[in-house]
Amino acid sequence: MIFHSNTSSDQVQSEFKGRVSLLESDVSQKNCSIIVNDLKESDSGTYQLRVEASPSAGLSQRPTVMIPPLTEGQLTTLTCTAPGLCSGSEPTFTWRWRGRGESDADLTGNITAFKTENVTEFAKRRSSTLSFSPSAEHHGTNITCTVLFQGNVSTEETATLSVSYVKEVRITQNVLVRARL
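Just so we're aligned, residue 1 is where the sequence shown starts under full-length UniProt numbering, counting upward by one.
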């Protein structure tokens, strides 16, 4: 181990003590980059990052759910992007649907892709897409994206769908009855 946020940690290798720090000390900025000062030839190699949080701390960042304009009958794709840019194990994405007055239902058949975007050499952005053709019945309903990370840590975001649709007009035939009074 070459760095630990607890500066008094005895787990840090002695040759790295005091030479390694976070580029951005505020981890809520989602930057996991480190700085190694006074580089030595023996420092060359591959490094891995592991972030651990106590289970009680929870995850304060939420995924981002991108919803384009929705039009009835036109295929659309929703995108859920996991929070943070750190590398590590792949998270699991789950999409849930809740209609008006209904309970949540998992959506699995329509998930079309999982994407990993390399932002830098070490930082990755992970996302999932859900493609479907919205209908008038989808208007005002909720869609939730849950992201599950290693260690059973999850976070979710819910969005309400707004679907543009044409109201169906039904014309019924009126019968005019004339009566003499």
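Beta carbons are placed, not taken as given, at the ideal position from N, Cα and C, and that holds for glycine. Keep in mind it's a predicted model, so treat the numbers as computed, not measured.
| Per DSSP, T46 forms a beta bridge with which residues? | As a working mapping, residue 46 is identified with position 46 in the sequence shown. None, per the DSSP bridge assignment.
| message | In whole angstroms, give me the CA-to-CA distance for T160 and I2. | response | Numbered from 1 along the sequence shown, position 160 holds the residue referred to as residue 160. Numbered from 1 along the sequence shown, position 2 holds the residue referred to as residue 2. The alpha-carbon atoms of T160 and I2 are separated by roughly 45 Å.
| Whole-Å CB distance - L130 paired with L78, under 8 Å assumed | By one-based count along the sequence shown, residue 130 stands at place 130. By one-based count along the sequence shown, residue 78 stands at place 78. Rounded, the Cβ-Cβ distance is 5 Å, consistent with contact.
| request: Give the secondary structure of A113 by DSSP, where H, G and I count as helix, E and B as strand, and everything else as coil. | output: Indexing the sequence shown from 1 puts residue 113 at position 113. Strand.
| request: Report back the beta-carbon spacing between S128 and F114 to the nearest angstrom; my notes put them in contact at under 8 Å. | output: For the purposes of this step, residue 128 is taken as the residue at position 128 of the sequence shown. For the purposes of this step, residue 114 is taken as the residue at position 114 of the sequence shown. Between F114 and S128 the Cβ distance is about 5 Å, and since that is below 8 Å, they are a contact.
| query | What's the C-alpha gap between T141 and T46? | reply | Working through the sequence shown from its first residue, we reach residue 141 at position 141. Working through the sequence shown from its first residue, we reach residue 46 at position 46. When rounded, the distance between both Cα atoms is 47 Å.
| T64 and T92 closer than 8 Å at C-beta | Here residue 64 refers to the residue found at position 64 of the sequence shown. Here residue 92 refers to the residue found at position 92 of the sequence shown. Result no, Cβ atoms of T64 and T92 do not sit closer than 8 Å.
| Mind checking whether S154 and V163 have CB atoms under 8 Å apart? | Taking the first residue of the sequence shown as 1, we reach residue 154 at position 154. Taking the first residue of the sequence shown as 1, we reach residue 163 at position 163. Result no, Cβ atoms of S154 and V163 do not sit closer than 8 Å.
| message | I need the DSSP call for I171, collapsed to helix, strand or coil. | response | As a working note, residue 171 is residue 171 in the sequence shown. Coil.
| For L23, which of helix, strand or coil comes out of DSSP? | Here residue 23 refers to the residue found at position 23 when the sequence shown is read from its first residue. Reduced to three states, the DSSP call for L23 is coil.
| Which first and last residues belong to the beta strand (DSSP E) in which S127 is found? | Against the sequence shown, residue 127 aligns to sequence position 127. Its beta strand (DSSP E) spans residues 124-132.
| request: With residue 220 as the anchor, note down where its beta strand (DSSP E) starts and where it stops. | output: Only positions 1 to 181 of the chain appear in the structure, and residue 220 is not among them; the question remains open.
| request: Drop a sphere of 10 angstroms on the beta-carbon of G84, count the other beta-carbons inside from all chains shown, and report buried for 16 or more, exposed for fewer. | output: On the sequence shown, position 84 is the one that residue 84 refers to. G84 comes out buried.
| query | Quick one: is R19 near chain B, going by C-beta distance under 8 Å? | reply | Among the protein chains of the structure shown there is no chain B, as only one such chain exists.
| said: Could you compute how far the alpha carbon of L22 sits from the alpha carbon of E15? | reply: Stepping through the sequence shown from its first residue, residue 22 is reached at position 22. Stepping through the sequence shown from its first residue, residue 15 is reached at position 15. Rounded to the nearest angstrom, the two C-alpha atoms are 17 Å apart.
| Where L134 falls, given that 16 or more other Cβ within 10 Å makes a residue buried | The count along the sequence shown starts at 1 and reaches residue 134 at position 134. Note that residue 134 is Pro in the sequence shown, not Leu. Flag for P134 reads buried.
| Straight-line Cα distance separating I171 from A123 | Position 123 of the sequence shown, counting from 1, holds the residue named residue 123. Position 171 of the sequence shown, counting from 1, holds the residue named residue 171. Note on geometry: alpha-carbon atoms of A123 and I171 lie some 59 Å from one another.
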